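J.: Taken in order, the sequence shown gives residues 0 to 511; the numbers are from numbering that gives the first Met the number 0.
Glycine is no exception: its CB is placed at the ideal position from the N, C-alpha and C atoms.
Since the model is a prediction, treat every value here as computed from it, not as a measurement.
Sharing a structure below in structure tokens format, with a few things to ask.
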Amino acid sequence: MLTNQEKIEQFQEKAQHIEQGGGEAALAKLKAKGRLTTRERIDLLFDQGTFVELDKFVEHRCTNFGMDQMEIPGEGVVTGYGLVNGRTVFAYAQDFSVMGGSLGEMHAAKIVKCMDKAMTAGHPIVALCDSGGARIQEAVDSLAGYGRVFYKNTMASGVIPQIAAIMGPSAGGAVYSPALMDFIYMVKQDYAQMFITGPQVIQATTGEEIGAIELGGAMTHNSKSGVAHFAAEDDADCIEQIKILLSYLPSSFQADPVRLECIDPIDRREEKLNTIIPDKSNRPYDMKKVIKMIVDDSEFYENQQHYAKNIITCFARMNGTTVGIIANQPMVMAGSLDINASDKAARFINFCDCFNIPLITLVDVPGYLPGTSQEFGGIIRHGAKLLYVYPEATVPKITVVLRKAYGGSFLGMCSAQAGADMVIAWPTAEIAVMGAAGAANIIFRSESEEEKEAKIEEYIKNFSTPYQAAQRGFVDQIIEPKDTRPVIINALKLLENKTWELPRKKHGNIPL
Ligand code: HXC
């Protein structure tokens, strides 16, 4: 019989053994590739000494292919919770050193339980993903495991923020749990990839030859597919960036917003904003400069910065509280809306609405992008997402029209009719059913070129201004650009206790 002291020592030995993961050789192999170990990642994420591990002693119960003789420490995944900059966060981290971080029945059960606890307690979940996919030996038990994880991701959607970081291979089923989460980070290193079918399968089935990084590396998914939202240099940078994102987010849909002390004066007026719009309406300017001049401390954290650059989506703070900013970028495709921009912005708006983050929309949009690729690609369906998510969002919605606000694209950028609570226009705003030249080509097409020019001038004078919209009450305030920061902060304060009512229904049917 063991003494109590011996029982404690036995417990310590067992715990230490599990903490070794796949053992020295397997860990050394990973480290040689520049990857941090799972426990190093956990240590970086959480404030020192605050991580509480759950389910350390869970074991698999597979007997196929000699698995009954196989030990899989911790089931290849570390789960638990702790503090990140003083706030509670749940996390799970897959351990590639243990059977390639593959997902079997009990590995999945650990993840699902961790998510359940995160949802009940109302705290975000961070998934540090590093897995060879379904544990092949466990056959349909692995498949069912994935099914349970996906189900839980869906149930958690809109309840708590879900953040995934791709820090290793992510093949087959392993990609879909991150895809169901709110944000995906990818590490820009050879070892981090995401794909449904890898290069070999692609070559065998389609004959296409492509390398793993080109197919599913960080920049492919950040700039081409739009699957990922953030790219990080390495594991440490990735975890640092996740902490930045978390600093903007409430813990759950029921939690209070994060409020930081605001040192930047709330009545700061930026003279430079009065001159930022070029006199010639077709000249670009950098919308990011506008954002910097408006928000607290010139700081914002950009979502999907490498994808659909014609629209900017970012988190920032105004008077210390988080806002979500959606802004056309005149530097890229004149800020027009295309399929990718619509998808990117609509998803961001939905996220902000889930978590009570007010929306600031900065408008300079000439229209939806013309062209067969857009029409055949379904710009009607994708563009409709913006027309749908803005009215559906019940958070405070403040729209600032800087320059162009033409036609349907303005309705897609939160006009008064799309449900904006406050529409603010600069004197440089051009709120019109369409651009002057386009309008003249239609309604004055039979006139001579000279007369057409004169009519365009007339159209610009009368209809490419904020005043016609203001006459109808479609604009609440026309302000000097330099006043934008104090005016927005004032509107946010006004809308702090906004009430709303939506028609009774099960849920709507967003054009997906
Ligand atoms: C069981 C796995 C595994 C898996 C890796 N391992 N993936 N064991 N099931 N899915 C094991 C390896 O056998 C090896 O064990 C150890 O993990 C390390 O793997 P290596 O291959 O040595 O590592 P590396 O060279 O870095 O290659 C990584 C890899 C490769 C590219 C991910 O392991 C790989 O191709 N794995 C299989 C990927 C895959 O096809 N997954 C199944 C998808 S099916 P030893 O003992 O040798 O150290 C799927 C369907 C789910 O996911 C559908 C749900 C919707």
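Would you call the CB atoms of isoleucine 430 and alanine 424 closer than 8 Å?
T.: Closer than 8 Å, so yes.
J.: How big is the Cα-Cα spacing for glutamate 374 and tyrosine 405?
T.: Cα to Cα, the separation comes out at about 19 Å.
J.: Within the region 185 to 231, note down every full alpha helix (DSSP H) run reaching 4 residues or more, in order along the chain.
T.: Correct list: 198 to 205 and 211 to 215.
J.: Runs of 3 residues minimum, wholly inside the region 30 to 80: which ones carry the beta strand (DSSP E) assignment?
T.: Counting only runs of 3 or more, we get 51 to 53.
J.: Mark glutamate 260 as exposed unless 16 or more other C-beta atoms lie within 10 angstroms of its C-beta, in which case mark it buried.
T.: By the 10 Å Cβ count, glutamate 260 comes out exposed.
J.: Just grab the DSSP bridge partners of glycine 323 for me.
T.: Glycine 323 pairs with Phe314 and Leu358.
J.: Comparing C-alpha positions only, which one of Arg316, Met317, Gly323 and Ala211 sits nearest to isoleucine 310?
T.: Checking every option, the nearest Cα to that of isoleucine 310 belongs to Gly323.
J.: Are the beta-carbon atoms of serine 354 and phenylalanine 473 separated by less than 8 Å?
T.: The sequence as given places phenylalanine at residue 354; serine does not occur at that position. It is not a contact, given that the beta carbons lie outside the stated cut-off.
J.: Thinking just about the alpha-carbon of each residue, which of Val422, Glu452 and Pro426 is nearest to the one in alanine 436?
T.: Alanine 436 has its Cα closest to that of Glu452, out of Val422, Glu452 and Pro426.
J.: What are the start and end residues of the beta strand (DSSP E) that includes valine 125?
T.: From DSSP, the beta strand (DSSP E) with valine 125 extends over 124 to 130.
J.: Which of helix, strand or coil does DSSP assign to isoleucine 430?
T.: In the structure shown, isoleucine 430 sits in a strand (DSSP, three-state: E or B).
J.: Could you check where the alpha helix (DSSP H) with isoleucine 7 kicks off and where it finishes?
T.: Start and end: 3 to 18.
J.: Unbroken alpha helix (DSSP H) runs of length 4 or more, entirely within the region 429 to 490: which are they?
T.: Correct list: 435 to 442, 448 to 462 and 466 to 470.
J.: Is it the case that the Cβ atoms of methionine 114 and alanine 155 are separated by a distance below 8 Å?
T.: Closer than 8 Å, so yes.
J.: Here's a check: name, in chain order, each residue in its chain whose Cβ is nearer than 7 Å to the Cβ of glycine 215, leaving out the five neighbours to either side.
T.: For glycine 215, where only same-chain residues beyond five positions count, the Cβ hits under 7 Å are Gln192, Met193 and Phe194.
J.: Is the beta carbon of arginine 380 within less than 7 Å of some heavy atom of the ligand HXC?
T.: Arginine 380: no, Cβ never under 7 Å from the ligand HXC.
J.: Runs of 4 residues minimum, wholly inside the region 141 to 178: which ones carry the alpha helix (DSSP H) assignment?
T.: If we require 4 residues or more, the region 141 to 178 turns out to have no alpha helix (DSSP H) run fully inside it.
J.: Which same chain residues, not among the five before or five after arginine 316, have their C-beta less than 8 Å away from its C-beta?
T.: Tyr247, Leu259, Cys261, Val294, Asp295, Asp296, Glu298 and Val322.
J.: Please tell me whether, using a cut-off of 7 Å, the distance from the CB of proline 390 to the nearest non-hydrogen atom of the ligand HXC is below it.
T.: No.
J.: Would you report the Cα separation of histidine 381 and tyrosine 389, rounded to the nearest angstrom?
T.: Approximately 14 Å, taken between the alpha carbons.
J.: Does the distance from the CB of aspartate 129 to the CB of phenylalanine 89 come in under 8 Å?
T.: Going by C-beta atoms, aspartate 129 is not nearer than 8 Å to phenylalanine 89.
J.: Would you please state the rounded distance, in angstroms, between the beta carbons of isoleucine 243 and tyrosine 300? I believe it to be under 8 Å.
T.: With a Cβ gap of about 6 Å, isoleucine 243 and tyrosine 300 count as contacting.
J.: If we ignore side chains and look at the alpha-carbon of each, how far apart do isoleucine 276 and leucine 401 end up?
T.: Taking the straight line from one Cα to the other gives about 8 Å.
J.: Spell out the partners DSSP gives glutamine 93 in its beta bridges.
T.: Its beta-bridge partners are Val76.
J.: Any idea which residues DSSP pairs phenylalanine 350 with across the strands?
T.: Paired residues: none, contrary to the question.
J.: Indicate, with yes or no, if the ligand HXC has a heavy atom lying under 7 Å from the CB of tyrosine 175.
T.: Yes, the ligand HXC has a heavy atom inside 7 Å of this Cβ.
J.: Nearest to tyrosine 514 by CA position, among Gly21, Thr153, Glu457 and Gly377, is which residue?
T.: Examination of residue 514 is not possible in this model, given that the chain is present from 0 through 511 alone.
J.: Tell me whether valine 432 is buried or exposed, calling it buried when 16 or more other Cβ atoms sit within 10 Å of its Cβ.
T.: Classification of valine 432: exposed, given that the 10 Å Cβ count is below 16.
J.: Count the other C-beta atoms from every protein chain shown that fall within 10 angstroms of the C-beta of proline 426, then say buried if there are 16 or more, exposed otherwise.
T.: That one is exposed.
J.: Span of the beta strand (DSSP E) holding isoleucine 397?
T.: First-last of the beta strand (DSSP E) with isoleucine 397: 396 to 405.
J.: Of the choices Asn461, Arg86 and Gly146, whose alpha-carbon is the least far from that of valine 111?
T.: It is Gly146.
J.: Return the first residue and the last residue of the alpha helix (DSSP H) that alanine 424 is part of.
T.: It is not in any alpha helix (DSSP H) - alanine 424 instead sits in the beta strand (DSSP E) that spans 421 to 424.
J.: Are the beta-carbon atoms belonging to aspartate 342 and lysine 384 less than 8 Å from one another?
T.: Yes.
J.: Give a yes or no on whether the C-beta atoms belonging to leucine 43 and alanine 235 are separated by under 8 Å.
T.: The answer is yes: Cβ separation under 8 Å.
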